[in-house]
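For the sequence shown, the numbering used here gives the first residue as 291, with consecutive numbering after it. Read the structure below first, then the notes.
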Amino acid sequence: MTDVAGNTSGHSPDFVLTVDTTVAPISDLQVTDDVAQHTGPLTSGGLM
291 MTDVAGNTSG HSPDFVLTVD TTVAPISDLQ VTDDVAQHTG PLTSGGLM
């Protein structure tokens with residue numbers, strides 16, 4: 291390969307790239323508010 295400046299290099303060796311697109315289920319996700327006045331687990335849509 292040659293770039294616009296005239297530098298050349300050989301080809302890199304082949305390699306295998308595997309992309310895992312499996313989505314792991316999130317079943318036990320819990321968000322907790324740990325800042326004082328209101329603390330504890332948040333529910334869906336909860337702000338405090």
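By construction, the Cβ of each residue, glycine as well, lies at the ideal position given by its N, Cα and C atoms. These numbers were taken from a predicted model, which means no experiment stands behind them.
**Asked** Is it the case that the CB of Gly336 approaches a heavy atom of the ligand FMN more closely than 8 Å?
**Response** Within the structure as shown, the ligand FMN is missing, as the structure has no ligands at all.
**Message:** Please report the straight-line C-alpha distance between Asp266 and Ser317, rounded to a whole angstrom.
**Reply:** Residue 266 lies beyond the stretch modelled for the chain, which goes from 291 to 338, so this question has no answer here.
**Prompt:** Roughly how many angstroms separate the alpha carbons of Ile305 and Asp323, rounded to a whole number?
**Reply:** As a position in the sequence shown, residue 305 is number 15, starting the count at 1. As a position in the sequence shown, residue 323 is number 33, starting the count at 1. First, the amino acid is wrong: residue 305 is Phe here, not Ile. Between the C-alpha atoms of Phe305 and Asp323 there is a straight-line separation of about 46 Å.
**Message:** So, at 6 Å on beta carbons, what are the nonlocal neighbours of Pro331 in its own chain, with the 5 sequence-adjacent residues on each side left out?
**Reply:** Position 41 of the sequence shown, counted from the start, is the residue given in the question as residue 331. These residues qualify, in order along the chain: Gln320 and Thr322.
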